[in-house]
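Just so you know, we're using our numbering here: the sequence shown kicks off at 1405 and counts up by one.
So the structure is just underneath, and the comments pick up after that.
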Amino acid sequence: MKVSPKNIRVRKTSLKEETDDLKNTTAAERWAMMWQLALDAWAFKGEPIAESRLQRNIVRVYRRES
């Protein structure tokens, strides 16, 4: 889907002008919003979702006492 540059809006604001729309959200709610953006970005690129998998290469090292 191609987006025309005429349909893109860009707005520059300073920190003083910043809106408080996320001020009343919890860290978990902000994390959930970010996670959805990450999932959308991976889907857009056609990448598999990079979630933690069960590691199968765990090794235990025993050191000799000297």
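Cβ atoms here follow ideal geometry from the backbone N, Cα and C, with glycine treated the same way.
Cβ atoms of residue j and residue i: under 8 angstroms apart, would you say?
i            : j            : result
residue 1434 : residue 1441 : no
Can you give me the C-alpha to C-alpha distance between residue i and residue j, rounded to a whole angstrom?
i            : j            : result
residue 1443 : residue 1429 : 21 angstroms
residue 1468 : residue 1461 : 22 angstroms
residue 1438 : residue 1415 : 21 angstroms
residue 1449 : residue 1407 : 17 angstroms
residue 1418 : residue 1412 : 20 angstroms
residue 1446 : residue 1453 : 6 angstroms
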